[in-house]
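Chemist: If you're matching positions, the sequence shown starts at -3 in our numbering and goes up one per residue. Every residue gets a Cβ at the ideal spot worked out from N, C-alpha and C, and that includes glycine. Treat the numbers as computed from the prediction; the structure is a model and nothing was measured.
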Amino acid sequence: MKNLMIILGAMLFYGLAVVPVNGQSTPSTKINYAVLTNKVAQFQPISLASKSLAQEDGDNFGQFKVVLYGPEVVQLTDYQRMKPVLKMARSSSMKLAVCAMALKKMKVDPADIPPEFEVVDNAFLHALELQKAGFFILSL
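(1) If you reduce the DSSP assignment to three classes, tell me which class G58 lands in.
(2) Closest by CA to S46, which one among N28, A37, K100, A119?
(3) Apart from the five residues on each side of it in sequence, which residues of its chain come closer than 8 Å, Cβ to Cβ, to L134?
(4) S87 by DSSP, collapsed to three states: which one?
(5) CB-CB under 6 Å to I109, same chain, minus the five flanking residues each way: which ones, in chain order?
(6) Please state if the CB of Y65 and the CB of A119 are separated by a distance shorter than 9 Å.
(7) Once DSSP output is grouped into helix, strand and coil, what is the label at E112?
(8) What are the boundary residues of the alpha helix (DSSP H) that L99 is part of?
(9) Looking at the structure shown, is A129 part of a helix, part of a strand, or coil, going by DSSP?
(10) Flag this pair as touching only if the region 119 to 132 and the region 79 to 86 have three or more C-beta atom pairs under 8 Å; answer yes or no.
(11) Assuming M90 contacts S43 under a Cβ cut-off of 8 Å, what Cβ separation, rounded to an integer in Å, is found between them?
(12) Report the option in M97, V63, K101 whose CA atom is closest to the CA atom of E112.
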């Protein structure tokens, strides 16, 4: 019985000695952002914010996603208007998305919008899913 107690005590001690302490070597997680907007004109200041956050966050900067919804989705078919927006998005590594519900309501064919835009079913649901995934969300 005494030997059994010694063995159990040693096993317990050994088990506690090799348990890793949380936080000692946790990998850093990226900081991700998403902005919901219904105005194409807001893409420029959003792009500037993206660049500033990328500089501020450094290696911890993850994704920066902009989701467009509402009537202004019709402007996505105007190549001349969208050209500077797409250039800004590329220079700041922004990922672009557009709401399929808005495209449908405004009778815009997804084939007519720039390929840089990911079509998401519902802008608000997409934002909530991103928030659940750890994104910081701003709705304008």
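Modeler: On the basis of the supplied data:
(1) Strand at G58.
(2) Nearest option by C-alpha distance: N28.
(3) Contacts found: Y29, A30, V31, L32.
(4) In this structure, S87 counts as helix in the three-state DSSP scheme.
(5) Cβ neighbours of I109 within its own chain (closer than 6 Å, five residues either side excluded): L72.
(6) In terms of Cβ geometry, A119 and Y65 form a close pair [threshold 9 Å].
(7) The answer is coil: DSSP assigns E112 none of H, G, I, E or B.
(8) Unbroken alpha helix (DSSP H) run through L99: 96 to 101.
(9) Coil, per DSSP.
(10) As far as the Cβ criterion goes, the region 119 to 132 does not touch the region 79 to 86, which means the pair count is below three.
(11) Sure, about 6 Å apart at Cβ, within 8 Å.
(12) Minimum Cα distance to E112 is reached at V63.
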